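To keep things clear, I will list the structure first and then write my remarks on it.
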Amino acid sequence: MAAKWIETLLGSLEQKKQYKRHMARIEALPEPYRSAAKALQRYFVYQGGILDGDTLITMFGDFVDLWERAVADGTPVRAIVGDDPVEFAETFLQAYSGKQWIDKERERLRKAIDAAAENGEEKSA
Numbered sequence: 001m002a003a004k005w006i007e008t009l010l011g012s013l014e015q016k017k018q019y020k021r022h023m024a025r026i027e028a029l030p031e032p033y034r035s036a037a038k039a040l041q042r043y044f045v046y047q048g049g050i051l052d053g054d055t056l057i058t059m060f061g062d063f064v065d066l067w068e069r070a071v072a073d074g075t076p077v078r079a080i081v082g083d084d085p086v087e088f089a090e091t092f093l094q095a096y097s098g099k100q101w102i103d104k105e106r107e108r109l110r111k112a113i114d115a116a117a118e119n120g121e122e123k124s125a
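Counting in UniProt numbering, the sequence shown runs from 1 upward without gaps.
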């Protein structure tokens with residue numbers, strides 16, 4: 001019972017365990033792959049804004065798989081991310097378009113403008 005209560009407040013404990021495993025896999029990458037993967041992972045956290053835990057875990061799992069395959073194949077970092085790492089990161093994030101934090105703000109903005117417009121119409125009538 002306590003586990004359900006904790007998960008309700010903090011999110012899925014299994015997802016947290018999976019996330020930690022993914023991060024441990026990134027830490028196990030040799031350089032320069034580890035540095036590149038960590039830099040991109042940081043960008044994903046700040047820019048991605050993905051709220052759905054399942055989507056986030058899937059994305060990080062696929063991300064680590066990509067880097068592990070690159071290491072195994074000897075693929076250079078630039079061959080993976082290209083000339084513009086931001087473009088690579090943005091494209092990668094788009095493939096995992098779960099619900100994002102900005103979606104809440106977009107909906108809040110729509111409702112606020114609708115309410116303001118309705119109030120303005122009532123006063124002018």
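For every residue, glycine included, the Cβ atom is placed at its ideal position computed from N, Cα and C.
Keep in mind the model is a prediction, meaning the values are calculated, not measured.
{"Asked": "Pair within 9 Å by beta-carbon distance, residue 133 and W67", "Found": "Here the chain has residues from 1 to 125 only, and residue 133 is not among them."}
{"Asked": "Beta-carbon proximity of A89 to F60, cut-off 9 Å", "Found": "no"}
{"Asked": "Classification of L40 by the beta-carbon crowding that lies within 10 angstroms, buried from 16 upward", "Found": "buried"}
{"Asked": "Simplified DSSP assignment, three categories, for L9", "Found": "Residue confidence for L9 is low, a pLDDT of 49 falling below 50, so the modelled location carries little weight; the figure read from the coordinates is stated next. Reduced to three states, the DSSP call for L9 is helix."}
{"Asked": "Burial state of L56, where buried means 16 or more other Cβ atoms lie within 10 Å", "Found": "buried"}
{"Asked": "For L109, the three-state DSSP class (helix, strand or coil)", "Found": "helix"}
{"Asked": "Residue of Q18, L29, A36 and A24 minimising C-alpha distance to R78", "Found": "A36"}
{"Asked": "Beta-carbon proximity list for L93, same chain, < 6 Å, skipping 5 on both sides", "Found": "G48"}
{"Asked": "Environment of A115 [buried if 16+ CB atoms lie within 10 Å]", "Found": "exposed"}
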